[in-house]
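In what follows, a structure is listed as structure tokens, so that the remarks can point back to it.
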Amino acid sequence: MSTNLKGHFGSFGGRYVPESLSSALDDLEKAYKKYSKDLRFSQELKDYQKNYIGRPTPLYFAKQFSQKIGSKIYLKREDLNHTGAHKINNTLGQILLAKRMKKSRIIAETGAGQHGVATATVAALFGLECVVYMGEEDMERQSLNVFRMRLLGAEVVPVSTGTKTLKDATSEAIRDWSTNVTHTHYIIGSTVGPHPYPMMVRDFQSVIGKETRRQILRCEKRLPDVLIACVGGGSNAMGLFYPFLKDKKIKMFGIEAAGKGIRTKKHCATLSKGRVGVLHGSKSYLLQDPDGQVSSTHSISAGLDYPGVGPEHSFLKESKRVRYDHVTDHEALRGLEELSRLEGIIPALESAHAIAYLMKKKSLFRGRLIVLNLSGRGDKDVESVSKYLGQAL
Amino acid sequence: MSRLEQTFKELKKKGRIGLIPYITVGFPNFSVTRDLIKTFDDLGVTAVELGVPFSDPLADGPVIQDASQKALLKHANLQKTLSLVHQLRHQVSLPIIIMTYFNIFLRYGLKRVGRDLRNAGVDGIIIPDFFPEDDQAFMKSCRSKNIDQILIVSGTTAKKRLESLAKQSRGFVYYATHTGTTGPRDRLPKDVSHNVKKIRSCTDKPIAVGFGISNRGHIRELSKCADAAIVGSAVIRVMNSARTPASVVRNVHRFIKRIWL
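Quick mapping for you: the protein sequence lines, in order, are chains A and B.
Residue numbering for the first sequence follows my numbering, starting at 1 and increasing by one per position.
Residue numbering for the second sequence follows my numbering, starting at 394 and increasing by one per position.
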């Protein structure tokens with residue numbers, strides 16, 4: 001669905017931020033509305049998507065993995081994008097917008113570092129100053145990405161407050177933005193935040209679903225039965241699902257990270273275990289305690305390690321259009337190993353959650369035509385994986 | 394007329410600027426919070442702003458963030474704050490304002506929060522991450538319980554929006570001098586009096602100025618244009634520098650006298 005005038009998806013979304021951001025959000029919304037209909041803007045975006053990111057990404061039939069599951073599985077290869085994940089679809093769109101809005105400075109938050117790298121990359125491309133906020137714990141888990149960002153000319157600011165992960169990096173980025181709002185554009189990395197971000201990020205990511213639709217019709221002459229993607233904040237899933245939401249026969253699955261199990265406190269299965277709350281500018285499901293304090297979360301995958309979720313996912317859950325479920329760290333690792341061995345593709349730990357779900361619930365998918373969003377590549381994760389498996393590098 | 398409106402009316406008669414100190418509830422513990430509220434009442438400040446800590450305070454700088462984290466370790470929450478206010482309500486006469494983030498109220502239950510605030514004796518609320526257009530029903534329910542919901546305006550707020558916020562704000566209008574977060578600064582921004590005048594042209598309500606106010610000079614400067622000054626992080630900083638728990642209250646008392654009396 002599209003949002004109403006105030007940016008709500010049903011009862012979710014909105015703008016829960018300090019007043020100093022009100023005019024910047026209005027300006028951003030206006031600019032987005034104007035340029036999303038502007039032919040030259042979309043031409044420029046398409047050109048960079050093709051020649052810089054390498055789109056369209058392939059829709060690959062995973063024969064061996066399909067046999068294993070007993071269904072027909074296609075992988076949407078977002079891992080083959082420049083910088084190795086779907087994140088750049090959004091950062092590219094937003095920086096083209098920021099240029100037109102005459103902003104000279106770009107800020108971003110990052111968890112796994114993929115969004116930070118994708119932001120630093122486009123900032124380098126367009127010659128804008130770039131500051132990325134990253135939790136101290138994540139900087140340790142993803143030191144390679146920290147180095148990549150610095151190499152790209154970005155300043156990486158360690159965030160040592162709270163849980164020292166994505167949640168606190170996001171808070172710090174919003175504080176920076178509300179302070180430097182006149183000349184700074186904040187590139188949020190997922191379908192979260194105050195309106196218009198959830199809508200705008202979804203639209204920039206929808207290139208995934210639009211391509212998938214064309215590609216699957218070309219090779220299978222029909223639409224898929226099932227779409228599946230992992231959900232942290234939810235941008236890769238929204239990007240795949242959105243262009244198919246009206247096709248009622250297609251079943252959609254969003255897979256969250258159950259960490260060490262949803263009966264423990266060490267997980268981030270927001271849609272399964274959360275309650276409606278407000279964090280980082282929008283109303284959505286949220287992992288929180290009875291006082292309304294935001295919970296600390298855990299996942300082996302830094303990109304899913306977040307207590308909130310995009311407001312549109314909350315809406316799709318309540319309207320039962322998408323089914324949300326979860327897999328553990330352990331199951332996700334098995335998914336990563338399986339796809340590596342069967343297809344020669346090392347998926348990101350985030351995407352491995354969707355893979356693991358197909359393995360876990362095989363009977364649900366028997367004989368079905370499935371598209372799985374392989375949102376990123378696993379190179380960044382090999383160190384955490386080796387640590388988890390107890391194998392020294 | 395609400396207690397806040399009454400207080401501002403009297404203040405105007407006296408012809409001086411008011412002072413609204415902020416403290417975080419439960420920092421460093423509840424008994425200090427209780428003593429400080431009594432001290433503020435003795436000093437005759439305009440109102441007290443009680444911050445209920447939230448794990449992710451987007452509008453706050455490092456000083457209040459840190460106080461919030463420490464108060465959370467003491468299990469401070471809205472319920473305990475309301476009981477504290479309830480206990481003190483008959484001992485102090487100053488208006489009591491609760492400042493916290495929207496999720497705290499949402500989780501507590503928007504339907505019962507207005508009633509419980511009223512029953513405890515709270516006079517007003519400030520929610521730094523709330524846009525009135527997101528929840529008109531909540532605003533109405535506060536109004537029906539005679540809780541003054543104070544809205545914040547910023548230097549970046551557009552004219553039309555400024556008019557609408559000033560109109561909807563109750564008790565007073567809160568002008569945040571700096572964009573960004575709370576925290577003591579050396580200087581007031583140059584556009585303060587200009588912006589206060591701009592707000593004045595849209596409303597007859599009192600205007601209190603906050604964010605970055607930390608010393609006597611700031612307050613003297615503000616007395617030329619504003620009705621009250623809100624001092625938060627600077628108070629917390631004084632509390633932090635006290636060597637013993639007993640001296641916390643004494644030092645804050647001395648600080649308030651120095652900057653305002």
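No residue lacks a Cβ here, since even glycine has one placed at the ideal position from N, Cα and C.
Any chain A beta carbon closer than 7 Å to residue i
i: D541/B; result: no
i: P655/B; result: Nothing can be reported for residue 655/B: it is not among the residues displayed for chain B, which extend from 394 to 654.
i: I545/B; result: yes
i: D584/B; result: no
i: F524/B; result: yes
i: T426/B; result: no
i: P638/B; result: no
Own chain, CB closer than 6 Å to residue i, minus 5 neighbours either side, in chain order
i: M1/A; result: Only weak support is given to the placement of M1/A: the predicted model assigns it a pLDDT of 49, under 50, and the question is left unresolved by the model.
i: E129/A; result: R105
i: D379/A; result: none
i: S607/B; result: P577 and A627
i: I346/A; result: S340 and G378
Residue from the options with nearest C-alpha to residue i
i: A332/A; options: A258/A, A85/A and V156/A; result: A258/A
i: V602/B; options: V546/B, C595/B and D435/B; result: V546/B
i: T417/B; options: F648/B, R651/B and R630/B; result: R630/B
i: K50/A; options: L92/A, Y60/A, K68/A and T110/A; result: L92/A
i: R422/A; options: T264/A, L393/A and G209/A; result: Residue 422/A lies beyond the stretch modelled for chain A, which goes from 1 to 393, so this question has no answer here.
i: K617/B; options: V628/B, S586/B, F433/B and A452/B; result: S586/B
i: M632/B; options: Y567/B, P421/B and T570/B; result: P421/B
i: M238/A; options: P224/A, D225/A and I255/A; result: I255/A
i: N81/A; options: V207/A, E338/A and P307/A; result: V207/A
i: Q94/A; options: S22/A, I370/A and T184/A; result: T184/A
i: G564/B; options: S486/B, I540/B, N512/B and L466/B; result: I540/B
i: E403/B; options: V645/B, K552/B, T432/B and D620/B; result: D620/B
Residues of its chain near residue i, where Cβ-Cβ distance is below 8 Å and the 5 sequence neighbours each way are ignored
i: K273/A; result: I262, H267 and L287
i: G70/A; result: K362, F365, R366 and G367
i: L39/A; result: none
i: P307/A; result: K167, C268, T270, G274, L279, L286, L287, Q288, V294, S295, S296 and T297
With 16 other Cβ atoms within 10 Å as the buried cut-off, status of residue i
i: K598/B; result: buried
i: M680/B; result: The structure shown does not extend to residue 680/B, since chain B is modelled only from 394 through 654, so no value can be given for it.
i: K72/A; result: buried
i: A530/B; result: exposed
i: F253/A; result: buried
i: C230/A; result: buried
i: D579/B; result: exposed
i: S640/B; result: exposed
i: G655/B; result: Summary: the structure shown does not reach residue 655/B, with chain B confined to residues 394 through 654, and so no result is reported for it.
i: K320/A; result: exposed
i: L374/A; result: buried
i: D203/A; result: buried
Residue i at chain B interface by Cβ criterion, 7 Å
i: G232/A; result: no
i: I64/A; result: Here the sequence assigns Gln to residue 64/A, which means Ile is not the residue at that position. It does not: the Cβ of Q64/A has no partner Cβ on chain B nearer than 7 Å.
i: R105/A; result: no
i: Q391/A; result: no
i: Q215/A; result: no
i: P18/A; result: yes
i: S42/A; result: no
i: V226/A; result: no
i: Q293/A; result: yes
i: G277/A; result: yes
i: R323/A; result: no
Same chain, Cβ closer than 7 Å to residue i, neighbours up to 5 away in sequence not counted
i: P311/A; result: F9, F12, G13, P198, S282, K283 and S284
i: G452/B; result: Checking the sequence, you will find Ala at residue 452/B rather than Gly. Here the set comprises P521, D522, T574 and T575.
i: D168/A; result: G135, V159, T161 and G162
i: R100/A; result: A31 and Y35
i: G454/B; result: T574, T575, G576 and S626
Residue i (DSSP reduced to helix, strand or coil)
i: Y494/B; result: coil
i: I300/A; result: coil
i: Y306/A; result: coil
i: K76/A; result: strand
i: D453/B; result: coil
i: I545/B; result: strand
i: F420/B; result: coil
i: H611/B; result: helix
i: G437/B; result: coil
i: G335/A; result: helix
i: Q270/A; result: Reading off the sequence shown, one finds Thr at residue 270/A, where the question assumed Gln. Note: T270/A maps to helix in three-state DSSP.
i: S284/A; result: strand
i: V156/A; result: strand
i: I208/A; result: helix
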